[in-house]
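Step one of this worksheet: look at the structure below.
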Amino acid sequence: MIRRAALSHLLARLRGDTSGLALLEFAFALPILLVMSLSGAEMTNYIGTKMRMSQIALHLADNAARIGSGSQLVAKTITEADINDLFVGANLQSSELNLQANGRVIVTSLEPTASPNTAGTHKIGWRRCYGAKTTYARQYPVGSGTTALTGIGPTGRQVTAPDNGAVMFVEIYYEYRPIVQTSLVPSTSMTEIASMIVRDKRDTTQVYPVTGVTASTC
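Each residue of the sequence shown is one higher than the one before, starting from 10 at the first, in the working numbering.
Okay, here's the thing in structure tokens:
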């Protein structure tokens, strides 16, 4: 009888003991808090990476529009070495993201088929590629010398080249490497595009070869 009363007293004390309540609540909440924190970190990293790829595409298009050798009195010429330098610079800008190993860069020179371009058609003067992800299927017209193009780029947002000029169109494909889990990001691949009009008069007859320099053909 005494033992039963002692047991009942002990159970009553246990029912009224709330000293471990906070710890128990924390244990239940910890998995949810952990998932939310990791998801936030992963999404922040993904958005940051996508923004950096967008900036690299813009800078690459800008640099491609500026390259060339010559004075203001003659059309500037560009060489395979100039284009290779563009790619090296883009990879250096990507830093730890390693664009060369994890992506594919495509630079296209879009030019009018005639000047004045009364027909409104364009051609691809040249195209060069860089990066290890060679299986990426580019989204836009392929092949140097392609003619009768209305422009280049997404439908409804195509860019065109001015008379006696050219437009540098850049497409960057990058395979995102998650820091936590693939399922926490919208996609493991991203594509960014950018374009810039060539500032100076440029010799568009060819990309001039350089002894000992390998062209970054596609």
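C-beta atoms are modelled at their ideal positions from N, C-alpha and C, and glycine is treated no differently.
| Check | Outcome |
| --- | --- |
| K210 - DSSP class collapsed to helix/strand/coil | coil |
| Proximity below 8 Å, CB of R147 to CB of I92 | no |
| 8 Å Cβ cutoff met for V168 and G174 | no |
| Separation of V44 from A203, as counted between CA atoms | 35 Å |
| As assigned by DSSP and simplified to three states, the class of V216 | coil |
| For R137, the residue or residues it bridges with in DSSP | V116 |
| DSSP bridge partner residues for E201 (one or two, in chain order) | I181 |
| S80 in three-state terms, based on DSSP | coil |
| Cβ-Cβ distance between E89 and P218 below 8 Å | yes |
| Cβ-Cβ distance between I56 and I181 below 8 Å | no |
| Residue environment, G165, which counts as buried when at least 16 other CB atoms sit within 10 Å | exposed |
| Sequence-distant residues of the same chain with beta carbon closer than 8 Å to L158, five excluded per side | L119, T130, H131, K132, I133, P150 |
| Local conformation of I65 per DSSP, three classes | helix |
| Integer-rounded CB distance, given that V114 should sit under 8 Å from G8 | A question about residue 8 goes unanswered here, because the residues of the chain that appear run from 10 up to 227. |
| Beta bridge counterpart(s) of P121 as assigned by DSSP | H131 |
| Inter-residue Cα distance where the pair is V246 and T86 | With the chain covering only 10 through 227, there is no way to say anything about residue 246. |
| Reduced DSSP secondary structure (H/G/I, E/B, other) of K271 | Not covered by the structure: residue 271. The range shown for the chain is 10 to 227. |
| Identity of the residues DSSP links to T191 by a beta bridge | Answer by DSSP bridge pairing: none, since T191 is not bridged. |
| Span separating the alpha-carbon of S103 from that of T144 | 21 Å |
| Rounded distance between the beta-carbons of T58 and L106, thought under 8 Å | 6 Å |
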